[in-house]
Structure formats: structure tokens, C-alpha cells
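This report refers to the structure that appears directly beneath it.
Number of protein chains: 2
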Amino acid sequence: MERQVDKKPTRDILRERNRMALITATLDCVAELGIAGTSVSAIIERAGLSRGMIHLHFDGKDKLLEEAAQQLNAQYYDTLDAALLAAGPSPEEQVEAIVRTDLSVDLLNERYANIWYAFRGEARKRDSIAVFSNTRDARLRNRIFQTFLAIARSAECPEPEQVARDAAHGTLALLEGMWADFLLHPHAFRREEATRIVLRFLAGLFPSHFTLSGAQPAER
Amino acid sequence: MERQVDKKPTRDILRERNRMALITATLDCVAELGIAGTSVSAIIERAGLSRGMIHLHFDGKDKLLEEAAQQLNAQYYDTLDAALLAAGPSPEEQVEAIVRTDLSVDLLNERYANIWYAFRGEARKRDSIAVFSNTRDARLRNRIFQTFLAIARSAECPEPEQVARDAAHGTLALLEGMWADFLLHPHAFRREEATRIVLRFLAGLFPSHFTLSGAQPAER
DNA sequence: TCGAAAAATGGACGCTTGTCCATTTTTTGG
DNA sequence: CCAAAAAATGGACAAGCGTCCATTTTTCGA
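Line by line, the protein sequences give chains A and B.
So the mapping is simple: the numbering used here equals the position in the first sequence, first residue as 1, plus 48.
So the mapping is simple: the numbering used here equals the position in the second sequence, first residue as 1, plus 48.
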């Protein structure tokens, strides 16, 4: 019986390496230079490869940008999924894991925020990026909604669907706002403060399910 | 005694008109084509003027973009100030006016949102735009913080400064998130729902100062 | 080991960009 | 009404863009 390992030719390994180098270089350029500054020349210079590679591995600059956006998206979900797996199984723990992970340094950092907002700014024009952006949004939205629905039902709310929808909507909007805050003031940003505020929001909605460890309640 | 009215030469009036036409055309282009699509050719075509005008009225495309951003900023504050003047004088009414105005169709519409996020995406690279963006943020942040501080003191919170800071931070982040939500799903967006969620947040922080008219509390 | 095939190179190409300026048109004040 | 001044025009220009392809280099399978 032949070993399947090491069966893949060197050629393909090197090919894949260059492919990834192009994607990484593209994301680096977007983070540092913005979309406008991310030219083919800038990308291939950073990747240390030749001009023609972009046309060989992708079908031009647009496709490269699209695949770079998809890879970024995949990284986001890999990190989130790992955190959700490590967290406890209860809805409260899952929600808190989403919040803390989304605000953690693994996801909310200067590189990631720069790329994210650069893409969003041009998403309207480029369908490829808009699709990926919406997909990310929809997946996360649905997951967090289901979690809140379980909480709302266990809390015996009058209208659990509406409450869960509001909770999901508000939590995502808050997280989004924290990202924008970080983008504009990366040095003044305080991770604990951002986390505390989101938890304040949740504690306001579900007082018996979320508590502020360390933070005083706003009113007695 | 000479009349001062009509003293200004026709020349200056026409000059100013063309200047404004360039700024408006620039903002239209950014809204429809994105920053990348906003070329000098696109701008002058939309304005119905000749190429050289950009260099005559401004000192090139960059300055034009900067002044366009400043004008957008001025429009935002004019609308907000008018709403605050029309609203009642109490801190609660002032906060609610900010929220409702920020989410009103006068400010939160497709044109405005497109321009806003297009600028933000490239703000990192262009100092001129970044400065205006931060200024807007700082002005609004301070105003809303002072208002919350009054509320927190009247509510006799244990730490009014921290509570007011959290409330201002959270409210702005929520509004920011609602804008992003509108940008991505302008048709699915529900203005009342967004407003209700922000008020839920405020009611959670200050139960005796904000109430949800029409909305059920999440828990009894 | 060697011919075939795949991968990588980098220069040439046409096109668009923003800037600038010689020219024309309009407006002004006497 | 007319000369001087201001405003507006639009083409020329160099620089930079993304694409493409003839050529060279590397890897593969027999």
C-alpha cells in the first residue's frame, strides 16, 4: 500500500505557497496603504514575485481582491468557532464568548480593522466583496439570534422573538460601533471598557441572565 | 447712502455657484461610484464644467475632496443643532433628540451613508479626511457625555462620570452600528426598530429616566 | 537523463489618471 | 463702449495603472 503522504508534487506545494503569498501581500497592502494604494506593483513588490503571477494564479487584480476578502472572512469565523467550542454550552456563555472574542486582540486589531473598513468602503461598487460582507453578517446574525431566542424563552418574555431580534440586532450594532471606535482611536481604545458596555446592554435586557462583574449598576 | 445689497458683483456669485457645483458633484460621485470611481473626469462631467475648474477653485483633487468632506460635516451638525434647538431642554429630551435625529431620514439615508463609509475607508491614508472625521466624533461625543452626566447625577449613581462615559460611548457605538446596518441592508432596515433598540439600551441604564413607549420590557 | 509540461518572469502595450497652461470667453469699472 | 482683469475652457503632458504574452526557468515522469 503506497503512502499517500508526500504524494503531492513539489510543484503544487510551491504553487500554493506563491498563491498565499499574493493574498497575504494584498491584505498587507490594503491594511497599510488603503484600497487606493493597493496597486499591482505594490502587491508584487511586497510578495517578492513577478508581475505576471497575478494573472497566472488569479484572473486579474479583481479576483485577487475577492479571494483575499474571502480568506479574511474565513479567518474571522475560524477564530470565532474555536472560541465558541471552548466556551461553555449555555446560551449566556455562548453570547459572552462571541462578545469577548469579537473584541479580543485576535480579531479587533489595527490590521484587521483597517482592512475591514477599507473593504466596506468599496463594497458598494464591487459585488464580489459585498456578497462576502453580507454573508458574514447573515451567518453571525442568525447564530446570535438563535442564542438569544433560547435566553428569551427561558426568561419567559412576553414576545421572545422580538426581544431576541432586538437583542441580536443591538449586540451586533454595539460590536460594530466598537470596531469603528477602535479604527478611529486605536490608542485611546480600552478593550475592557468596550466589553463592559456591551455587557451593560445585555444586563439591561436580561437582568437575571447577565451580570456586570466588577462594574456598578447604573441605578440602584 | 448706498445700498449694500446687490453690491456683490455677478462675477463672484457665479464663481461661488461653480464652486458649490464642484463640491456637490464630488459628493454625488463618491455616493454612487465610491472613492475609487470619483475621478476628475467623472466630477467635471457631472458638474457640467471644464477640467481646469478644479485647479482654479481648489488646488487639485485632494483639496476638493477635503472641502467636500468638510461641507458634509457641516450639514450633519446643522441638522443636529436644529433638532436639539427644537427639542425640549431636559437632558432626557436632548438625548432622545440626538438619537432620533441621527437615525432620521435627513441624516441616515443611502447617499449620506455611502459617502460616510467611503470616506472612512480611506481616512487612514488621507490626513485631511481623518482630521475632520475625528473632529466630528469629538464634538458629538463631548456633547452627549455632558448630557448623560446631568442624568447620571440626577439619578444619584455611585460613579456618575463612569456611568455617563459608558452611556455616551455605548449610545454612539449603537448609532454607529445602526448606520453600518443601514449601509449593508438599506431595504430591510427599519428605522423604528433601530430607535427602539437604542432606547432599550438607555432604559436599561437609566430605568427611571427612559421608558419604551409601545415596546414591552424584555423581562418582567 | 532528457524531453515535455508547468511555473515564473518582466517588459511592452493601451488606457486612464491628475496636473498644468496657452487660449478664449465673460465681466468689470471708468 | 472699451480696455483691463477675471473666469472658464479644453487639449497636451507625464506618470501610473492593469493586462497580456513571448521568453526563460524549474519541475515532472518515463
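Glycine is no exception: its CB is placed at the ideal position from the N, C-alpha and C atoms.
Query: Could you please give the first and the last residue of the uninterrupted alpha helix (DSSP H) stretch that includes glutamate 93 of chain B?; Result: 88 to 95
Query: Ordered along the chain, which non-local residues of its own chain (more than five positions away) have a Cβ less than 8 Å from that of threonine 243 of chain A?; Result: Val147, Arg148 and Leu151
Query: Helix, strand or coil for valine 153 of chain A per DSSP?; Result: coil
Query: Beta-carbon within less than 6 Å of phenylalanine 106 of chain A's beta-carbon, same chain only, minus the 5 sequence neighbours each way: which residues are those?; Result: Leu112
Query: Compare the beta carbon distance of valine 177 of chain B and glutamate 241 of chain B with 8 Å and say whether it is the shorter of the two.; Result: Checking the sequence, you will find isoleucine at residue 177 of chain B rather than valine. Not a contact, by the Cβ cut-off of 8 Å.
Query: Pop quiz: isoleucine 199 of chain B and alanine 79 of chain B are said to be a contact at Cβ under 8 Å. What is the actual Cβ separation, rounded to whole angstroms?; Result: Not a contact, Cβ separation roughly 36 Å.
Query: Give the DSSP-derived three-state secondary structure of histidine 257 of chain A in the structure shown.; Result: coil
Query: Is there a Cβ of chain A sitting closer than 8 Å to that of leucine 222 of chain B, yes or no?; Result: yes
Query: For a contact meaning CB atoms closer than 7 Å, what does phenylalanine 249 of chain A contact in chain B?; Result: Gly218, Phe249 and Gly252
Query: Let me know if methionine 226 of chain B comes out buried or exposed under the rule of 16 or more other beta-carbons within 10 Å of its beta-carbon.; Result: buried
Query: With a cut-off of 8 Å, does the C-beta of asparagine 190 of chain B fall near any C-beta of chain A?; Result: no
Query: Indicate the three-state DSSP secondary structure (helix, strand or coil) for cysteine 205 of chain B in the structure shown.; Result: coil
Query: Taking the alpha carbon of glycine 96 of chain B as the reference point, which residue from B:Ala84, B:Phe167 and B:Arg65 has its own alpha carbon closest?; Result: B:Arg65
Query: With 16 other CB atoms within 10 Å as the buried threshold, where does glycine 100 of chain A fall?; Result: exposed
Query: Are the segment 216 to 225 of chain A and the segment 191 to 208 of chain B in contact at 8 Å, needing three or more beta carbon pairs?; Result: no
Query: Tell me whether alanine 236 of chain A sits in a helix, a strand or coil according to DSSP, three-state version.; Result: coil
Query: Hey, is lysine 173 of chain A's beta-carbon within less than 8 Å of any beta-carbon in chain B?; Result: yes
Query: Closer than 9 Å, Cβ to any Cβ of chain A: which residues of the segment 228 to 243 of chain B, in chain order?; Result: Ala228, Asp229, Leu231, Leu232, His233, Glu241 and Ala242
Query: In three-state terms, what does DSSP make of glycine 82 of chain A?; Result: helix
Query: Tell me whether phenylalanine 258 of chain A is buried or exposed, calling it buried when 16 or more other Cβ atoms sit within 10 Å of its Cβ.; Result: buried
Query: Among B:Gln119, B:Asn121 and B:Leu155, which one has its Cα closest to the Cα of alanine 131 of chain B?; Result: B:Leu155
Query: Under 9 Å, CB to CB, which of the residues in the segment 91 to 109 of chain B have a partner in chain A?; Result: none
Query: Strictly below 8 Å CB to CB, what residues from chain B border leucine 81 of chain A?; Result: Lys173
Query: In whole angstroms, what separates the C-alpha of alanine 203 of chain B from that of alanine 215 of chain B?; Result: 13 Å
Query: If we call anything under 8 Å between Cβ atoms a contact, is glycine 218 of chain A one with alanine 251 of chain B?; Result: no
Query: Could you tell me which of A:Ile83, A:Arg63 and A:Arg94 sits nearest to threonine 72 of chain A, measuring between CA atoms?; Result: A:Arg94
Query: Considering only their Cβ atoms, is the gap separating alanine 166 of chain B from glycine 169 of chain A smaller than 8 Å?; Result: yes
Query: List the whole-angstrom C-beta distance separating glycine 85 of chain A from lysine 173 of chain B, where the pair is believed to meet the contact cut-off of C-beta under 8 Å.; Result: 6 Å
Query: What is the DSSP secondary structure of lysine 111 of chain B, counted as helix, strand or coil?; Result: helix
Query: Anything in the segment 146 to 168 of chain B with a Cβ closer than 7 Å to a Cβ of chain A? List those residues in chain order, please.; Result: Asn162, Tyr165, Ala166 and Arg168
Query: Cutting at 6 Å between CB atoms, please list the residues of its own chain near leucine 231 of chain B, excluding the five before and the five after it.; Result: Ala161 and Tyr165
Query: What is the rounded straight-line gap between the Cα of leucine 197 of chain A and the Cα of proline 255 of chain B?; Result: 23 Å
Query: Which same chain residues end up closer than 8 Å to leucine 128 of chain A when comparing Cβ atoms and leaving out the 5 residues on each side of it in sequence?; Result: Ile146, Thr149, Asp150, Leu155 and Leu188
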